[in-house]
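Anchor point for the sequence shown: position 62 equals 61 in numbering that gives the first Met the number 0, and the numbering is continuous, going up by one each time.
For every residue, glycine included, the Cβ atom is placed at its ideal position computed from N, Cα and C.
These numbers come from a predicted model, not from an experiment.
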Amino acid sequence: MFGLHLIKTGEIEKDYAVHLAHSFDDRLAADYDPEIDFSGKEARKACRQTRQFLARIRRFLLGNGSQSASCANGHLARGKHGEILEIMPC
């Protein structure tokens, strides 16, 4: 749904979909492949890319009518219909 509604429409850049797919594949490998090993360098790169992804999604949401707020558990945004969306943990 991410690709269909945000990537194909051009609202979010394709690089973010590629990162999301790679991250999902890595998560599955980490969960189910006992032979998989990620280096510290790979982990730091993935964390950096994830922070960039979250920042981009936050900009998209805030630019499309969501309202931002902070709370003790993280940074929250409200959707167009008032629903609370957690964007980034503190």
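Query	Result
Counted within 10 angstroms of its Cβ, other Cβ atoms place Ile56 as buried (16 or more) or exposed	buried
Collapsed DSSP secondary structure at Ile35 in the structure displayed	coil
Cβ separation of His54 and Asp25, assumed to be a contact under 8 Å, to the nearest whole Å	The sequence as given places Ala at residue 54; His does not occur at that position. So it is not a contact: roughly 20 Å between Cβ atoms.
Rounded straight-line distance, which links the Cα of Val17 to that of Gly2	10 Å
CB contact below 8 Å: Phe37 versus chain C	The question asks about chain C, but that chain is absent: this structure has only one protein chain.
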